[in-house]
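Chains as they are written, first to last, in the numbering used here: chain A, 1 to 435; chain B, 1 to 283.
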């Protein structure tokens, strides 16, 4: 899809206009209100997202999802005006922390939300815990440790988006069921990559399959030719996690060097089968499998309404960040309603938040006791529908919690952390070794 | 046979590196400034190429229009901005750093933040058979075009009057000026040609490296490495440096995958410690 200059221009202008009207609207509403004394102070929500730099598309997706829900309820809940204060963290943890301090101490926001990069989420996590500010992670920030018992766990944090390992576990189930027992893995060389392929290795080994080759291209790889040529052709399938532009660069070489015609590709997290890339890959992308907790092709009234509104605003199909942020916004509003608008009572607000259950564009939603969302995982396959290339859901796993398909006890019984398994994912004995 | 493919991969990436580095090397050779906008020429070239392909469907047109537009940008930059600090290299380099950010933001504004890959020309989207393994003809095209560009540049530098003036300017700008050579015009010309080569790299490299926010920095870094290995100011250095880096990077990733992040920089460090001026550079 070619986005014209005018569209981009219109989009960024409207973003600023909406932001400023929202900021202005709250004081105006106060003045014009007849019952001046009874008007509750606005509910201030600090939104921390990347709106410049590499992560911009994800940040804009999340902001659009958030706005769709709040606009739907006229930016008002339990008698309080909702006031969004949006800050650009530029994809940098240090900037994010400065912005979080400004939002909490300067603007006096009651809630922080957003967080695309895990590094950013981790940087703000400590601060939010110290200030006892509810932190609603509602975009890509998927670090497992944020919602599992351990030194980083934060009782004031809830997450409406996926954690790192569950899509991997779903991918393992699907790959094994296809009869593919030996897979070649290609994963970006960083913490998120080890988490993802570690989660896959653990689930896959337990089922009885094995990884026969590990490759870890750096995030800065330009030419994926060497890695694709190096794939062992005796594997049954190729499993990847290559975020950002890496997915697109890899896919092009994978297709160009003719490997795609010979081996099935499972793209964990849908980094290759990312909607804006599908139009670029065209017919070459057809047949790629991916796992994610969302696809715009989900046939439910909630999702169809969401996609329509999203396309009208952003002129493109939503990725997972849109519905994740929508769920974040709805959960904030519903929890605020449940406590009669008194979000300042943090404990009660968070208890109400974790008790929520509702239907969303990405399927039915609930939360576990750690504040991590329980949602669905979709196995998707790239298909041509009409003139468009889309991710058709071909299998759904429901009620997937963060330890799925394990229990918390089993999850904690394994000896090695995923990052320590780098280089020995091919050794199932080590992968499954208990403490 | 897999080694033939690995070697071809390395050579084609090396040729691409040559295209990216040649302009940087030319500009430094004559003007002694490190043009930090070089990666932006690649980025803007690739983006303009993608727009041309999307509207006309022609890769050839993209290959013609994008480099010309970017060459004009380069000429304007030199004529109206760098000229303000004539022969003052440090402010000029800083100015190119400013342009890097301006081009990055303008590109984000016009083309959005999603990374793109340029589609390959239909004629070269197939593979040929090499010992039972498919090999994309596009990479062979890249090698051919890169060698052709190298040949043209060599001819231009060694066999034309402007080339002779250019060599004189590189050797001793002051004496060249005293001999009546219009060095100032040469500066603009070289800047335009440097930008043109980078944009050509942008269109040709678009189907392999792609373009997106941050690609400008990546490409600039690659070009620097090649130029340091080959020697600043030498076209021959850019070609040999590109091939050396391309091949070492490719085989480094195969044999020492755990050092993949450094396979590009290790040869640079080694060569710098033995030949600080690079393979073909002059002290």
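Each residue gets a CB set at the ideal place from its N, CA and C atoms; glycine is no exception.
The beta carbons of residue 74 of chain B and residue 203 of chain B sit no closer together than 8 Å.
Within chain B, the residues whose beta carbon sits less than 8 Å from that of residue 252 of chain A are 117, 207, 208, 210, listed in sequence order. A residue is called buried once 16 or more other Cβ atoms fall within 10 Å of its Cβ, and residue 81 of chain A is buried on that count. Rounded to whole angstroms, the gap between the alpha carbons of residue 193 of chain B and residue 249 of chain B is 28 Å. The beta carbon of residue 89 of chain B is closer than 8 Å to those of 31, 32, 33 in its chain, skipping five residues each way along the sequence. Residue environment for residue 326 of chain A: buried (at least 16 other C-beta atoms within 10 angstroms of its C-beta). If you keep only unbroken alpha helix (DSSP H) runs of at least 4 residues inside the region 256-285 of chain A, you get 275-281. Chain A places no beta carbon closer than 8 Å to that of residue 47 of chain B, leaving this residue out of the contacts. Close CB contacts of residue 145 of chain B within its chain, under the 7 Å cut and outside five residues either way in sequence, are with 204 (chain order). Neighbours of residue 249 of chain A in chain B, taken as residues whose beta carbon is under 9 Å from its own, are 115, 117, 208, 209, 210 in chain order.
Shown here, residue 135 of chain A sits in a strand according to DSSP, grouped into three states.
Here residue 215 of chain A is not near residue 255 of chain A, since their CB atoms are 8 Å or more apart. Scanning A:241, A:170, A:48, A:99 for the CA closest to the CA of residue 400 of chain A turns up A:170. Residue 42 of chain B does not reach chain A, its nearest Cβ partner there being about 11 Å away, counting only Cβ pairs nearer than 8 Å. With respect to the 8 Å criterion, residue 49 of chain A and residue 89 of chain A are classified as neighbours on the basis of their beta carbons. Closest option to residue 384 of chain A, judged by alpha-carbon separation, among A:350, A:275, A:141: A:275.
At a C-beta separation below 7 Å, residue 214 of chain B has these neighbours in chain A: 54. Neighbours of residue 245 of chain A in chain B, taken as residues at a C-beta separation under 7 Å, are given in chain order as 115, 210, 212.
Per the DSSP secondary-structure output, residue 231 of chain B pairs with nothing in a beta bridge.
Within chain B, the residues 260 have their CB atoms less than 7 Å from the CB of residue 217 of chain A, given in chain order. If you check the CB distance, residue 133 of chain A and residue 84 of chain A do not come in under 8 Å. Among the residues of the region 223-235 of chain A, those with a Cβ less than 8 Å away from any Cβ of chain B are 223, 225, 226, 227, 229, 230, in the order of the chain. Residue 138 of chain A is positioned such that its CB atom lies closer than 8 Å to that of residue 324 of chain A. Counting C-beta atoms within 10 angstroms of its own C-beta, residue 38 of chain B has 16 or more neighbours from the protein chains shown and is therefore classed as buried. Inside the region 188-269 of chain B, DSSP marks no whole beta strand (DSSP E) run of 3 or more residues.
Those residues of the region 363-391 of chain A placed with their C-beta closer than 7 Å to a C-beta in chain B do not exist. Distances from the CA of residue 123 of chain B to each of B:246, B:58, B:221 were compared; the closest alpha carbon is that of B:58. Judged by DSSP secondary structure, residue 360 of chain A falls within the beta strand (DSSP E) whose first and last residues are 358-360. Taken in chain order, the region 350-397 of chain A contains no complete alpha helix (DSSP H) segment of 4 residues or longer.
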